[in-house]
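Colleague:
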Amino acid sequence: MTFLKLMKRFEGYVLGIETSCDETSASVMFHDKILSNFIASQTNLHKQWGGIVPEAAARKHTEAITLCINEALLQADIQISQINAIAVTNRPGLIGSLSVGVTAAKTLSMSKQIPFLGIHHIEAHILSPLINQSVSFPHCCLIVSGGHTLIIKVNKVGNYQILGRTIDDAAGEALDKCARAIGLGYPGGPAIEQAAGGLTSSPYSLPRGLKGPTYDFSFSGLKTALRVLAEKHGKHLDVPSAAWSVEEAVTSVLSERAVAACKDSGCNSLTLAGGVAANKNLRNKLTKECDANNIQFIPAPNEFCTDNAAMIANVGSIRMANGQSDNLNLDVFARAELPTEEVDL
Ligand code: KG4
Ligand code: ZN
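All residue numbers for the sequence shown refer to my numbering, where the first residue is 40 and numbers rise by one.
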């Protein structure tokens, strides 16, 4: 059994940079310790449009990137001259947004003569539960974000077996769309969680997507059903109850399938990552179901759930310790398969 905490790490300071969507973030890591993780969120900017406007996101990253890097260095109490390597998200994500981070990384790499590596954003989410925590391989990971919903068997770093995935909307995307349909704010996940408050039941019943047995998900019917419900009840719709029903529909299907996939694939630990992993209802359900099935449940610490550069530095530290680096031709990609370069454990 191998534990990530015992893995070879880059011997030096790694600067992580994340700009794939609407968070500008920089982090400093030394060996396996996160020294800083500064995040400048653009949520307030995009709220007015009810979703992310890619051009506005890229411009905001341009404005914030140097400030974020300086802040991460300051909080880590080191100088830029002490940075030994850079890890930067280059895929998948919004092209304009990714370009800002990658250009900053290339510029620093060139001027300081230090190596850099492009990081897959989803691999960074997958390995984020392992920052400051120990976990054995293989394990299963439920990754739930605004763009992805996957159940993965993590055999090794770089050896990812997809057991289940959404066939339409991602869980976070579904929550964002549902929140909009009932007049709640953006981003929808936290807005729904807040609106559902302390409720434990609701008069409304909403569909759960695909019928089992399957490890896949379908969330697109949920928003349609919610719209029909909202139209039927008009101003008499009880918004907290509707929010609770949405949250319940999403979190129950996620936890049931993740635990089933974990059991059936012979793993005895399950990790949870991505923005939706911050949801308390989901965490509570998984804690209960894992307990009942003798599975160790290891959610990512809250601060590493939504997009952040610490998770990028984390993958950089593992991969660069194994000799990987990129050259100045590194490109950015809107879509990308998970990496297949395995790291020796
Ligand atoms: O991982 P992330 O920060 O960005 C992507 O890579 O997509 O995930 C963002 C998603 C959004 O859809 C947001 O509504 C959701 O995560 N989210 C939540 C919570 N916090 C963020 N969903 C449910 N409950 C939360 N507390
Ligand atoms: Zn993300």
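We put the CB at the ideal spot given by N, CA and C, even for glycine. None of these values were measured; they are calculated from a predicted model.
Please state whether DSSP places Thr142 in a helix, a strand or coil.
Modeller: Here Thr142 sits in helix by DSSP.
Colleague: Per the DSSP calculation, Thr205 is bridged to which residue(s)?
Modeller: Phe256
Colleague: What residues in its chain sit with their C-beta under 6 Å from that of His100, if we drop five residues either side in the sequence?
Modeller: Here His100 has Thr58, Thr63, Ser136 and Val139 as same chain residues with Cβ atoms under 6 Å from its own Cβ, once five neighbours each way along the sequence are excluded.
Colleague: Cα-Cα, which of Val141, His164 and Glu94 is closest to Val193?
Modeller: His164
Colleague: So, for Ser241: in the same chain, excluding its five sequence neighbours on each side, which residues have a beta-carbon less than 6 Å away from its beta-carbon?
Modeller: Ser280, Trp283 and Ser284
Colleague: Hey, would you say the C-beta of Gly185 is under 8 Å away from at least one heavy atom of ligand 2?
Modeller: Flag set: Cβ of Gly185 near ligand 2.
Colleague: I think Ala312 touches Cys180, with their Cβ atoms under 8 Å apart; what is that distance to the nearest whole Å?
Modeller: 6 Å
Colleague: Which runs of the alpha helix (DSSP H), 4 residues or longer, sit entirely within the region 219-293?
Modeller: Within the region 219-293, the complete alpha helix (DSSP H) runs of at least 4 residues fall at 227-235 and 259-272.
Colleague: Name, in chain order, the residues that DSSP records as bridge partners for Lys192.
Modeller: Cys179 and Gln200
Colleague: Please name the residue or residues paired with Gln335 in a DSSP beta bridge.
Modeller: Ser308
Colleague: Does ligand 2 have a heavy atom nearer than 8 Å to the CB of His100?
Modeller: Flag unset: Cβ of His100 not near ligand 2.
Colleague: The alpha helix (DSSP H) that contains Val127, what's its start and end?
Modeller: Careful: Val127 lies outside any alpha helix (DSSP H), inside the beta strand (DSSP E) at Ile122 to Arg130.
Colleague: Which class does Leu377 belong to by DSSP, given the choice of helix, strand or coil?
Modeller: coil
Colleague: So, for Ala360: in the same chain, excluding its five sequence neighbours on each side, which residues have a beta-carbon less than 7 Å away from its beta-carbon?
Modeller: Around Ala360: Lys47, Arg48 and Phe49.
Colleague: I'd like the span of the alpha helix (DSSP H) that includes Lys86, first residue to last.
Modeller: Thr82 to Lys86
Colleague: Any heavy atom of ligand 1 closer than 8 Å to the Cβ of Ile134?
Modeller: Result no, Cβ not under 8 Å from ligand 1.
Colleague: Pairing CB atoms from the region 284-297 with CB atoms from the region 244-251, are three or more of them under 8 Å?
Modeller: yes
Colleague: Indicate, with yes or no, if ligand 2 has a heavy atom lying under 8 Å from the CB of Gly313.
Modeller: yes
Colleague: Can you tell which of Val53, Gly90 and Ile73 has its C-alpha closest to the C-alpha of Ser148?
Modeller: The shortest Cα separation from Ser148 among Val53, Gly90 and Ile73 belongs to Val53.
Colleague: Mind checking whether the beta-carbon of Pro340 lies closer than 8 Å to any heavy atom of ligand 1?
Modeller: no
Colleague: May I ask you to report which of helix, strand or coil DSSP gives Glu50?
Modeller: Glu50 falls in the coil class under three-state DSSP.
Colleague: Going by the CB atoms, is the gap between Asn76 and Asn347 shorter than 9 Å?
Modeller: yes
Colleague: For Ile357, tell me which candidate among Gly185, Phe155, Ile91 and Glu94 has the shortest Cα-Cα distance.
Modeller: Phe155
Colleague: Determine the direct distance from the alpha carbon of Leu276 to that of Gly186, and round the result to whole angstroms.
Modeller: 29 Å
Colleague: Within its chain, find whatever has a CB closer than 7 Å to the CB of Gly55; leave out the 5 residues flanking it on each side and keep chain order.
Modeller: Ala65, Ser66, Met68, Ala126, Ala348, Ala349, Ile351, Ala352 and Gly355
Colleague: Going by beta carbon distance, what residues of the same chain come within less than 6 Å of Glu328, once the five residues before and after it are set aside?
Modeller: If we look at Glu328 and ignore the five residues flanking it on each side, its Cβ neighbours are Ser294 and Val298.
Colleague: Tell me, to the nearest whole angstrom, how far the beta carbon of Arg130 is from that of Phe372; I am working on the premise that it is less than 8 Å.
Modeller: 4 Å
Colleague: Would you check if there are 3 or more beta carbon pairs closer than 8 Å linking the region 201-220 to the region 254-269?
Modeller: Segments in contact, yes.
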